[in-house]
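Protein chains in written order, with our numbering: chain A, 1 to 336; chain B, 1 to 336; chain C, 1 to 336; chain D, 1 to 336.
Protein chains: 4
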Amino acid sequence: MVIVMKSHSTDKQLSAVVARVHAAGYRTSLIKGEETTIIGVIGDDRPIDRTQFEMLDGVEKTMPVLKPFKLASRDMHPMDTLIPLNGHMVGAPKIVVIAGPCSVESRPQIMEVAQAVKEAGATALRGGAFKPRTSPYSFQGLGEEGLQYLAEAREATGLPIVTEAMSPEQVPLVARYADVIQIGARNMQNYALLNAAGEIDARVLLKRGMMSTIEELLMSAEYILAKGNAQVMLCERGIRTFEKYTRNTTDINAVPVLKQLTHLPVILDPSHSTGKWEYVAAIARAGIAAGADGLIIEVHQNPPDALSDGAQSLKPEKFAQMVIECRKIAEAMGRM
Amino acid sequence: MVIVMKSHSTDKQLSAVVARVHAAGYRTSLIKGEETTIIGVIGDDRPIDRTQFEMLDGVEKTMPVLKPFKLASRDMHPMDTLIPLNGHMVGAPKIVVIAGPCSVESRPQIMEVAQAVKEAGATALRGGAFKPRTSPYSFQGLGEEGLQYLAEAREATGLPIVTEAMSPEQVPLVARYADVIQIGARNMQNYALLNAAGEIDARVLLKRGMMSTIEELLMSAEYILAKGNAQVMLCERGIRTFEKYTRNTTDINAVPVLKQLTHLPVILDPSHSTGKWEYVAAIARAGIAAGADGLIIEVHQNPPDALSDGAQSLKPEKFAQMVIECRKIAEAMGRM
Amino acid sequence: MVIVMKSHSTDKQLSAVVARVHAAGYRTSLIKGEETTIIGVIGDDRPIDRTQFEMLDGVEKTMPVLKPFKLASRDMHPMDTLIPLNGHMVGAPKIVVIAGPCSVESRPQIMEVAQAVKEAGATALRGGAFKPRTSPYSFQGLGEEGLQYLAEAREATGLPIVTEAMSPEQVPLVARYADVIQIGARNMQNYALLNAAGEIDARVLLKRGMMSTIEELLMSAEYILAKGNAQVMLCERGIRTFEKYTRNTTDINAVPVLKQLTHLPVILDPSHSTGKWEYVAAIARAGIAAGADGLIIEVHQNPPDALSDGAQSLKPEKFAQMVIECRKIAEAMGRM
Amino acid sequence: MVIVMKSHSTDKQLSAVVARVHAAGYRTSLIKGEETTIIGVIGDDRPIDRTQFEMLDGVEKTMPVLKPFKLASRDMHPMDTLIPLNGHMVGAPKIVVIAGPCSVESRPQIMEVAQAVKEAGATALRGGAFKPRTSPYSFQGLGEEGLQYLAEAREATGLPIVTEAMSPEQVPLVARYADVIQIGARNMQNYALLNAAGEIDARVLLKRGMMSTIEELLMSAEYILAKGNAQVMLCERGIRTFEKYTRNTTDINAVPVLKQLTHLPVILDPSHSTGKWEYVAAIARAGIAAGADGLIIEVHQNPPDALSDGAQSLKPEKFAQMVIECRKIAEAMGRM
């Protein structure tokens, strides 16, 4: 951290700040400029609250020097983390495609979609049994019954299952059925849930909060990694902006940024990041072109009948077309 | 809801959309304009997913007519909800002031602050025992030990306690100690937690998420109300914007908007909504002038030593001064 | 437009609103719902201020039905507009690439870059002679001298020139030298400038404002089209969000959205939309994969010496590599 | 500025960066930390583009130390700037209130409103003759005819006039009629216009862009000050956020932040910052309570008939009530 003193601060104020840094166990080095003095704080200052020092008399501001995440950082772990999924490795050149309905609605519905996405080349099946919904009056998911249908669909198709857990106490239950536990965007900073996900031996798909920075996403991954679970995939699913033509704004920049900052695989969710099926294929292709390791896509056999997220779900034939287009882009990138 | 057809849509497409609305159990009424036709959907369509209809051939867009919240709405409940707190009613003319440290750090710390804020005229004591922190390397709170210290501080000062629960399983524990259970900004859409808060008989302070809309805040309140708990106070604590000079942007507009839309009391948290102690008093005054029913303020006897949020904490003497200023504004408003 | 009445509004209020709509020259059609009544306003109500009606007693809100833009809309002009540039047509399958430095700094600098981007396959040369800078203390551009150097570079390379005009009175001067007049992001709603650009016979590259919606971009294009100039290319250059890791957030969704809403060609500027050269190639590829008709890229022979935007400028060899990658993506898309 | 080296950067890279800083005419001082080295750049580095250094091999990032504005800064000019207006000083304890219609629509309209706001205690009259409108199909203002009506209203009431200039060439014309030239939000970074406003001897009201940071507002003021015109009032008028219940989000934090950072007076525009007349009085009071030096308010004798901004305009009697409330708040603040 660097502490910038005010231009009219006194020597006494400077000494007091330096003394306090020393008391916290760090060394200091000063740079006297023409208008102001800055204090370099030497040592791993991640655990302390930087803004404390902004309270001290004579201090203008503080600025962080070190990245706040360590285990998630490529600085500490230069090699890509690879996570096995259905005979492939997420993070390897082959693009993975996770697909399925927003919600599990019934046994026939999930069986039919599972078959369809498998035929189109999907790597895994998604489907929500526990659904976080803005309104208490909306469909909230089938719960464990939905998990059972997912397990039957896996049995029938061989596709591994990606499904969401919404609270720490759901984690063991979901882990009994799921191959990959999803932590949803609204729960990205549900620390009790992150800790629970860090304590089990299971693959985790961590979605970026719609209001969260890239750094906060990596800090949430850090919670899971710090508890000992290294099998984390990150998912960009769009952020909230002033633009209202689409449901969210795909932060496509996040794809190369994350690939540079972290060794964890990066998945793009163009269904949520656009909110309209017409744009899903275009943004899926863009994600691959930007360097994403995979996609997660909402597919429904009859989107207008979907109990949730119909507007952003692809019909199976559109999905199959999208997979073909994305594979071509992947090949143009030297991937598969 | 209103469904707008595309300008080049066909009669057959129109008929298909109308038939689907009827199949969902609603009536329709058509308006044929010069460029397009719109379909009015008649009935309480809150439970259905409006965007489903956007999938249908020939549909341009849909627009909601009804407000999505009911129990939280002033339309259904024109009188202000009043919630008792330490001999006052939150929502009545007398302004309430909840104050205390971000985190409970030790018994002497909380006892000293509690005494100081009581003397300055606080209505209740705040302090976190379970702390949601962006980094796993930051101080995470004292847990139940912190709750015990809070209870001791209540014993000593008579101030009721406001403290946060972070997960559904913490709710019963926190409820044993707290007078008001806080649901934090990061958990505003933690539906398992909202449901748990709706199922107990306790007062709840629900903080707006940092990137949640006013409507979403009311929908989260609706979760609690729908489970049968009507004792909900709403808290504006700043939203995330592109402006980086302050930690958050106080959405002061939300104060009169909420007072108009809902019967629930509205509290302002200028400590979080500014993130810098220098601005807290000015924004506290602004909140009262805009019509807030109360304030929640971070106070620490020695902010640079605070284990969290030091930069936005007031010293007790600054806090006492702020209370005096705010009471003057309240009087100018015909309040107390 | 649709006018939604309040749930407790009276018949008298309804009649008054209807009367006022009629007085404004429109017809009405009513839909009586269970909780509220809505009024459909029939006719082209684009010229009137919809929010006026929100002032009337008993009105809850109004919602637009018609798109506010007409000339820019694909509804009115289904075929793609094609704009000639250096023997190609912008908007046709062949991707155009406009490249060059942020600012023209000297004759040798622009000559060297022009040669380099030409060799790498650029379609046109960009370079700023008039520079909008946040600080009055920053380099403000060479002015007309810069335009002359650009003209010399065109002479030497055959590349047409894209350069910015910052005020209406600069338009004739810039038009004397430039092949395409750029209207910068900060001037997207400088209506005097838009009108001036609409009144001359010249191609225009209109950049989206950093916090302007897609609809506002189209409304600004509408200003130019309404004055009779139909040669408008739109440019997505990133929007301002809470994410601070990149300078802006590329709104990649805007590419397919614009291609659907309008017949005008769409160019992506990944240099500004990321602000860091490391991410430019990835986002350029993403733009092509999403359906953009072209790219505009900042290139400098020695970026650390650039007088502006060095951090986001590619060296010529990186640019050449990027063009190769983008052509591969274009081919995978069935383009060139 | 401070330059942070990457954790794995080499000594040779460090030397190269240092050499380049020296070549730019600055001195350096190094701080070697445990994970990284930082370079302090000594001297006034405002004129150079900080991001250039981020291009250099081994550099992680750069961070500014000095504030980018000088003439606008309170560091350089600790005393409040006071600007005379109708016998008062803007910036002194007495609150100023500028009021009038969004647009000048006719002679009788402006005469009537002028009389009404004068009686209610307004300090000055506002009204637009040149109107920046999102749509080319909306009313664009009466132009010079509107300026003449404003002058007549001044003659009749004695109220000075505040009105907008939209382009540099309008500045002399507007200056002939107006007492205060307004630069609108959409033109906050129209540098040709800022330069023109800096070169005349006239009071300027500079509105913050809806997409602009506080720092950018001060940089735009710096343009005017740097040209020699010191009579600048700043105006907070709401920023664009994801919240859509109000037209904009009032950045109330900006009031105390600006009062701390700069010596220039600060005016709040609650009409634009809320967009709905119901909230104007509450936010006007909040602005005074937060420390604003004045208000600018839209008033119309019959808002539903207004040619622009009807929804956010107060009727004269509501405005008169608002002035009374705001004066009470001002008195509670020790102002007038």
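C-beta atoms are modelled at their ideal positions from N, C-alpha and C, and glycine is treated no differently.
To the nearest angstrom, how far is the alpha carbon of Thr241 (chain A) from that of Tyr279 (chain C)? Here residue 241 (chain A) corresponds to residue number 241 of the first sequence, with the count starting at 1. Here residue 279 (chain C) corresponds to residue number 279 of the third sequence, with the count starting at 1. C-alpha separation (whole angstroms): 21 Å.
Tell me, please, whether the CB atom of Ile95 (chain A) is closer than 8 Å to any CB atom in chain C? Position 95 of the first sequence, counting from 1, holds the residue named residue 95 (chain A). No, Ile95 (chain A) lies away from the interface with chain C (no Cβ there is under 8 Å from its Cβ).
So that I know if they touch, is there some Cβ in chain D lying closer than 8 Å to that of Lys276 (chain A)? As a first step, residue 276 (chain A) must be located in the first sequence, where it is residue number 276. The Cβ of Lys276 (chain A) sits no closer than 8 Å to any Cβ of chain D.
Please report how far the alpha carbon of Ala284 (chain B) lies from the alpha carbon of His272 (chain B), in whole angstroms. To locate residue 284 (chain B), count along the second sequence from 1; it is residue 284. To locate residue 272 (chain B), count along the second sequence from 1; it is residue 272. Straight-line Cα distance between these residues: approximately 11 Å.
Where the beta strand (DSSP E) through Ser15 (chain C) begins and ends: Counted from its first residue, the third sequence places residue 15 (chain C) at position 15. For Ser15 (chain C), no beta strand (DSSP E) encloses it; the enclosing alpha helix (DSSP H) starts and ends at 11-23.
Could you check the C-alpha separation between Ile214 (chain B) and Tyr223 (chain B) for me, to the nearest Å? Working through the second sequence from its first residue, we reach residue 214 (chain B) at position 214. Working through the second sequence from its first residue, we reach residue 223 (chain B) at position 223. In a straight line, the C-alpha of Ile214 (chain B) is about 15 Å away from that of Tyr223 (chain B).
Which one or two residues does DSSP pair with Val341 (chain A) in a beta bridge? Chain A is shown only over 1 to 336; residue 341 (chain A) falls outside these bounds and no answer can be derived.
Quick one, which of D:Leu125, D:Ala124, D:Gln140, D:Thr123 has its alpha-carbon nearest Lys131 (chain D)'s? Position 131 of the fourth sequence, counting from 1, holds the residue named residue 131 (chain D). Cα-wise, what sits closest to Lys131 (chain D) is D:Gln140.
Using the Cα positions of His62 (chain C) and Thr51 (chain B), report the straight-line distance between them to the nearest angstrom. Within the third sequence, residue 62 (chain C) is the residue found at index 62, counting from 1. Within the second sequence, residue 51 (chain B) is the residue found at index 51, counting from 1. The amino acid occupying residue 62 (chain C) in the given sequence is Thr; His does not appear at that position. Rounded to whole angstroms, Thr62 (chain C) to Thr51 (chain B) spans 19 Å at the Cα level.
What is the C-beta distance between Ala192 (chain C) and Met89 (chain D), in whole angstroms, given that I count them as a contact (C-beta under 8 Å)? The residue given as residue 192 (chain C) occupies position 192 in the third sequence. The residue given as residue 89 (chain D) occupies position 89 in the fourth sequence. So it is not a contact: roughly 33 Å between Cβ atoms.
Compare the C-beta of Asp45 (chain D) against all C-beta atoms of chain C and say whether one is closer than 8 Å. Numbered from 1 along the fourth sequence, position 45 holds the residue referred to as residue 45 (chain D). So, not an interface residue.
Using 10 angstroms around the beta-carbon of Asn302 (chain C), count the other beta-carbons present and answer buried if the total reaches 16, otherwise exposed. As a first step, residue 302 (chain C) must be located in the third sequence, where it is residue number 302. Residue environment analysis places Asn302 (chain C) among the exposed positions, since fewer than 16 neighbouring C-beta atoms fall within 10 angstroms of its C-beta.
Beta-bridge partners of Glu236 (chain A), as assigned by DSSP: Indexing the first sequence from 1 puts residue 236 (chain A) at position 236. A:Leu268, per the DSSP bridge assignment.
At what residue ranges does the region 25-102 of chain A contain a whole run of the beta strand (DSSP E), taking only runs of 3 or more? Inside the region 25-102 of chain A, DSSP marks whole beta strand (DSSP E) runs of 3 or more residues at positions 27-32, 37-42, 59-63, 83-85, 88-90, 96-100, from first to last along the chain.
Would Gly158 (chain D) be called buried (16 or more neighbouring beta carbons within 10 Å of its own) or exposed? The sequence position of residue 158 (chain D) within the fourth sequence is 158, counting from 1. By the 10 Å Cβ count, Gly158 (chain D) comes out exposed.
Within-8 Å CB hit, Ile38 (chain B) to chain C: Working through the second sequence from its first residue, we reach residue 38 (chain B) at position 38. Yes, Ile38 (chain B) counts as interfacial toward chain C.
Using a threshold of 8 Å, state whether the C-beta atoms of Ala292 (chain A) and Val255 (chain A) are closer than that. In the first sequence, residue 292 (chain A) corresponds to position 292, counting from 1. In the first sequence, residue 255 (chain A) corresponds to position 255, counting from 1. When the beta-carbon positions are compared, Ala292 (chain A) and Val255 (chain A) come within less than 8 Å of each other.
Establish whether the CB of Val65 (chain C) and some CB of chain B are separated by less than 8 Å. Position 65 of the third sequence, counted from the first residue, corresponds to residue 65 (chain C). In terms of beta-carbon proximity, Val65 (chain C) lines the interface with chain B, with at least one pair separated by less than 8 Å.
Chain-order list of residues whose beta-carbon lies under 6 Å from that of Asp179 (chain B) (same chain, five-residue window excluded): Position 179 of the second sequence, counted from the first residue, corresponds to residue 179 (chain B). Exclusion of the five residues before and after Asp179 (chain B) leaves Pro160, Ile161 as the residues of its chain whose Cβ lies within less than 6 Å of its Cβ.
Extract the residue ranges of the beta strand (DSSP E) inside the region 118-177 of chain B, only unbroken runs of 3 or more that lie entirely within it. Segments of the beta strand (DSSP E) lying fully in the region 118-177 of chain B: 124-126, 161-164.
Taking C-beta to C-beta, are Lys164 (chain C) and Gln148 (chain C) nearer than 8 Å? For the purposes of this step, residue 164 (chain C) is identified with residue 164 of the third sequence, where counting begins at 1. For the purposes of this step, residue 148 (chain C) is identified with residue 148 of the third sequence, where counting begins at 1. In the sequence under discussion, the amino acid at residue 164 (chain C) is Glu, which differs from the Lys named in the question. Cβ distance not < 8 Å, so Glu164 (chain C) and Gln148 (chain C) don't count as in contact.
Can you give me the Cβ contacts of Thr79 (chain C) inside the same chain, cut-off strictly under 7 Å, excluding the 5 residues immediately before and after it? Within the third sequence, numbered from 1, the residue matching residue 79 (chain C) stands at position 79. In the sequence on display, residue 79 (chain C) carries Met and not Thr. The beta carbon of Met79 (chain C) sits closer than 7 Å to those of His263, all from its chain and outside the five residues before and after it, given in chain order.
Assuming Val21 (chain A) and Ile39 (chain A) make a contact with CB atoms under 8 Å, what is their CB distance in whole Å? Locating residue 21 (chain A) in the first sequence gives position 21, counting from the first residue. Locating residue 39 (chain A) in the first sequence gives position 39, counting from the first residue. In this structure, Val21 (chain A) and Ile39 (chain A) form a Cβ contact; the two beta carbons are roughly 7 Å apart against a cut-off of 8 Å.
For Arg240 (chain D), go through chain A and note every residue whose CB falls closer than 8 Å to its CB, in chain order. Start at 1 with the first residue of the fourth sequence, and residue 240 (chain D) comes out as number 240. Here the neighbours are Phe242.
In chain order, what residues of the same chain lie with their CB nearer than 7 Å to the CB of Phe319 (chain B), ignoring the 5 residues before and after it? Within the second sequence, residue 319 (chain B) is the residue found at index 319, counting from 1. Once the five neighbours on either side are set aside, the close Cβ partners of Phe319 (chain B) are Ala99, Val117, Ala120, Ile297, Val299.
Residues near Gln13 (chain A) in its chain [Cβ-Cβ closer than 6 Å; skip 5 each side]: By one-based count along the first sequence, residue 13 (chain A) stands at place 13. Excluding its 5 nearest sequence neighbours in each direction, Gln13 (chain A) has C-beta neighbours in its own chain below 6 Å: Asp57, Gly58, listed in chain order.
To which residues of the same chain is Lys207 (chain C) closer than 6 Å at the C-beta, ignoring the five residues directly before and after it? Locating residue 207 (chain C) in the third sequence gives position 207, counting from the first residue. Excluding positions up to five away in sequence, the list reads Gly184, Ala185, Cys235, Arg237.
Contacting positions in the region 69-80 of chain C - beta carbon closer than 7 Å to chain B: When CB distances to chain B are screened at a threshold of 7 Å, the residues of the region 69-80 of chain C falling below it are Asp75, in chain order.
Based on DSSP bridge pairs, tell me the residues matched to Asp251 (chain D). By one-based count along the fourth sequence, residue 251 (chain D) stands at place 251. Here Asp251 (chain D) is bridged, per DSSP, to B:Asp251.
Roughly how many angstroms lie between the CA atoms of Phe53 (chain A) and Gln321 (chain A), to the nearest whole one? The residue you call residue 53 (chain A) lines up with position 53 of the first sequence. The residue you call residue 321 (chain A) lines up with position 321 of the first sequence. A straight line joining the alpha-carbon of Phe53 (chain A) with that of Gln321 (chain A) spans about 56 Å.
Alpha carbons only, please: which of D:Pro304, D:Val174, D:Pro93 is nearest the one belonging to Val204 (chain D)? Within the fourth sequence, the letter at position 204 stands for residue 204 (chain D). Looking at the Cα atoms, D:Val174 is the closest of the given residues.
Using a Cβ cut-off of 9 Å, pull out every chain G residue sitting near Val2 (chain C), in sequence order please. Absent from the structure: chain G. Protein chains present are A, B, C and D.
How big is the Cα-Cα spacing for Asp45 (chain C) and Ser135 (chain D)? Locating residue 45 (chain C) in the third sequence gives position 45, counting from the first residue. Locating residue 135 (chain D) in the fourth sequence gives position 135, counting from the first residue. Pairing Asp45 (chain C) with Ser135 (chain D), the inter-Cα distance amounts to about 13 Å.
Going by C-alpha to C-alpha distance, which of B:Val96, B:Pro68, B:Arg126, B:Pro93 sits closest to Glu105 (chain B)? Position 105 of the second sequence, counting from 1, holds the residue named residue 105 (chain B). Nearest option by C-alpha distance: B:Arg126.
So, with DSSP's three-state summary, where would you put Thr213 (chain B)? Here the question's residue 213 (chain B) lines up with position 213 in the second sequence. It is coil, neither helix nor strand.
Burial state of Arg154 (chain A), where buried means 16 or more other Cβ atoms lie within 10 Å: As a working note, residue 154 (chain A) is residue 154 in the first sequence. Answer is buried; the Cβ neighbour count reaches 16.
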